[in-house]
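See below for the structure under consideration.
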């Protein structure tokens with residue numbers, strides 16, 4: 005019996021729902037029709053407001069009558085003023101006839117061939133009076149003008165009268181349209197009221213059905229809640245479940261300060277597994293990692309939670325009663341446990357993991373903050389070397405904030421001139437004479453003060469702004485060098501992003517032309533690692549640059565794996581010995597031997613050599629005995645603004661004998 009009533013109720017609800025949909029559809033249709041009626045009424049109103057044809061016709065008639073009246077007045081007075089007025093109104097009448105040929109009035113005239121012919125005849129009559137108006141003072145001319153003008157006035161009055169009648173007829177049609185639309189809209193309003201009343205009555209019945217449906221949906225939601233909080237691949241808790249658990253612990257204050265830890269875990273080299281063995285192997289590895297993490301965390305006791313946030317990112321939430329030392333030990337336990345080979349269908353796979361972790365303390369306000377702290381620690385761990393763990397400390401958030409501030413400030417820094425070019429001298433060691441300068445970027449931030457180049461250059465490279473900064477430094481270096489003596493070159497470092505751009509040679513050529521710097525006074529420096537990233541493309545770009553006449557220098561020479569092969573593949577103009585060899589000169593005999601070998605090799609290949617990082621007199625002496633000729637470093641001077649270069653050059657030249665005239669741009673060691 006109850007089942008029968010239930011089926012009847014469901015049938016009634018279904019029919020009522022269908023009826024409600026039909027009523028709602030009818031209501032929407034009526035609203036659309038009403039909107040169309042309103043638009044049509046608006047158009048009719050707009051049409052009723054048009055008066056340009058009638059007014060144009062009326063004004064034309066007045067202009068014609070005024071022109072005739074002015075001629076008659078002159079005939080009576082014969083004064084120069086009335087003659088001038090007669091000519092003026094003749095010109096006004098000509099202009100009025102021209103306006104009748106264009107716009108809405110022109111369209112009105114064009115609807116009747118008779119009006120077109122009449123207007124052209126009037127135009128010819130009035131235009132033909134121009135010679136007579138020129139000699140209106142002659143006897144008999146005013147009468148002749150009046151006779152012709154009277155005929156033209158008759159035609160103009162006829163056309164103007166037709167225009168006014170046309171507007172009156174149109175106005176009558178518009179009034180009738182508005183009356184019809186008003187009746188139609190009144191009927192629509194009544195239909196809308198009826199539909200609204202029916203719909204309102206049905207909504208009360210539908211409310212009960214909706215309440216029953218909501219209760220059913222809530223039961224279904226509770227039934228599938230566990231599914232919604234599980235990662236479909238590993239069956240671990242997903243991000244939703246992890247966030248809820250962390251929020252609950254923090255809000256309820258179940259863990260004391262420093263006794264709850266969040267671990268952010270990342271698999272090292274997971275992409276390589278996917279690429280080499282396929283996604284099936286990657287999924288198997290993720291499931292193996294998930295099971296092993298559950299075993300490790302389960303061995304700690306308590307209520308630890310393992311979750312997968314996506315990809316190869318896992319998190320662990322656990323209590324650490326002993327605080328930071330215990331958290332560090334558990335991170336290492338996970339690293340060691342996950343490093344053991346994973347036996348999969350595709351064979352044994354060994355992976356490393358990198359872990360960043362953060363403890364919930366009194367300053368952790370919410371779950372998002374502690375997760376961000378763990379992620380920051382993970383980023384620092386990756387930067388320091390994979391396969392390790394890193395605890396969060398407050399300086400990491402300060403570093404992240406500082407990085408964001410630096411990254412956001414690049415555009416303003418360039419437009420405001422905050423990023424400037426300083427120059428470090430390159431000195432001939434035997435005489436102390438400056439033989440060139442290296443351009444170096446310096447940034448005085450409006451809030452942070454001087455930012456080390458090692459910091460902002462790295463951030464610029466990561467954010468994609470390094471090419472823009474590099475071009476800015478190149479342009480300012482060429483501009484400043486063009487003001488120096490003709491025998492002083494300038495060196496500018498190229499970035500990887502600049503070297504990768506196909507338009508780099510064109511940009512360099514444009515800057516040289518813009519600044520007037522001879523190409524042979526510009527040295528462009530690249531590192532071996534830059535060339536190695538895409539050697540074929542990079543060497544092709546360097547050859548195009550060398551064809552411009554600029555010098556190409558290989559920076560940080562001696563630190564790469566294939567430097568000698570690049571000496572064979574490209575005709576370098578200069579080698580710059582890396583500062584790491586200079587720093588160990590006095591403690592490592594091998595460094596001096598390597599530098600001597602580089603100098604001898606460069607002499608045989610006719611390549612000049614510059615040694616970087618010279619800081620002490622003893623280093624200078626050792627390098628000179630090794631055959632080095634040109635060096636730069638703090639021993640010879642720090643980088644200075646362009647305004648100080650002239651003074652440095654004068655002091656440098658003062659130390660050189662006047663009869664000595666070195667070849668500043670000549671090659672050789």
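Numbering (the numbering used here), first residue to last: 5 to 673.
Note that CB positions come from ideal geometry on N, CA and C, so glycine has one too.
This structure is a prediction, so every number in the text was calculated from the model and none was measured.
- Query: Going by alpha carbons, who is nearest to residue 415 out of 464, 426, 239 and 149?
  - Reply: 464
- According to the neighbour-count rule (16 or more other Cβ atoms, all chains shown, within 10 Å of its Cβ), is residue 322 buried or exposed? buried
- Item | Given 8 Å, three or more beta-carbon pairs between the stretch 427-440 and the stretch 448-466 | no
- Item | Residue closest to residue 519, alpha-carbon to alpha-carbon, out of 510, 501 and 487 | 487
- Query: With a CB to CB cut of under 6 Å and the five nearest residues on each side skipped, what residues in its chain are close to residue 52?
  - Reply: Confidence at residue 52 is low in this model, with a pLDDT of 46, below 50, so the placement of that residue is unreliable and no value is reported for it.
- Message: Closest to residue 555 by C-alpha separation, out of 541, 350 and 512, would be which residue?
- Response: 512
- Query: Which residues bound the beta strand (DSSP E) around residue 289?
  - Reply: Premise fails: residue 289 lies in the alpha helix (DSSP H), 283-302, not in any beta strand (DSSP E).
- residue 623 lies in the alpha helix (DSSP H); which residues open and close that run? 621-629
- Distance, Cα to Cα, residue 136 vs residue 64? 22 Å
- To the nearest angstrom, how far is it from the Cα of residue 411 to the Cα of residue 424? 17 Å
- residue 527 and residue 480 look like a contact to me (Cβ under 8 Å); what is the Cβ gap, rounded to whole Å? That belief does not hold up - the Cβ atoms of residue 527 and residue 480 are roughly 15 Å apart, past 8 Å.
- Query: Does DSSP put residue 427 in a helix, in a strand, or in coil?
  - Reply: strand
- Taking just the CA atoms, how far does residue 545 sit from residue 655? 38 Å
- Query: Over what stretch of residues does the alpha helix (DSSP H) that includes residue 510 continue unbroken?
  - Reply: 508-519
- Sort 375, 285, 166 and 358 by Cα distance to residue 364 and report the nearest one. 375
- Report the three-state DSSP secondary structure of residue 594 (helix, strand or coil). helix
- Message: If you follow the beta strand (DSSP E) that residue 442 is in, where does it begin and where does it stop?
- Response: 437-449
- Task: Output the distance between the C-alpha atoms of residue 350 and residue 357, rounded to the nearest integer angstrom.
- Result: 20 Å
- Query: By how many angstroms is the C-alpha of residue 168 removed from the C-alpha of residue 187?
  - Reply: 29 Å
- Reducing DSSP to helix, strand and coil, say where residue 83 ends up. coil
- When the Cβ atoms of the stretch 395-403 are set against those of the stretch 274-290, are three or more pairs found closer than 8 Å? no
- Message: Buried or exposed for residue 275, going by 16 or more other Cβ atoms inside 10 Å?
- Response: exposed
- Message: To test your reading of the DSSP string, which unbroken beta strand (DSSP E) runs of 3 or more residues are found completely within the stretch 171-205?
- Response: none
- Item | Option nearest residue 615 by Cα separation, candidates 539, 608 and 595 | 595
- Task: Out of 318, 633, 360 and 647, point me to the one whose CA is closest to residue 328's CA.
- Result: 360
- Message: Let's test the definition: count the other Cβ atoms within 10 Å of the Cβ of residue 578 and tell me whether it reaches 16, buried, or not, exposed.
- Response: buried
- Task: Report the three-state DSSP secondary structure of residue 503 (helix, strand or coil).
- Result: helix
- Task: Indicate the three-state DSSP secondary structure (helix, strand or coil) for residue 277 in the structure shown.
- Result: helix
- Hey, out of 100, 152 and 240, whose CA is closest to residue 297's CA? 240
- Taking the beta strand (DSSP E) that residue 557 falls in, what are its first and last residues? 555-561
- Item | Close beta carbons around residue 131, own chain, < 7 Å, minus the five adjacent residues each side | 98
- Proximity winner among 153, 457 and 145, relative to residue 448 (alpha-carbon distances): 457
- Item | Residue(s) in a DSSP beta bridge with residue 346 | 353
- Query: Taking buried to mean at least 16 other C-beta atoms within 10 Å of its own C-beta, is residue 638 buried or exposed?
  - Reply: exposed
- Item | In DSSP terms, what residue 245 is bridged to | Answer is none; residue 245 lacks a bridge partner.
- Message: For residue 307 and residue 281, what's the separation of their Cα atoms in angstroms?
- Response: 35 Å
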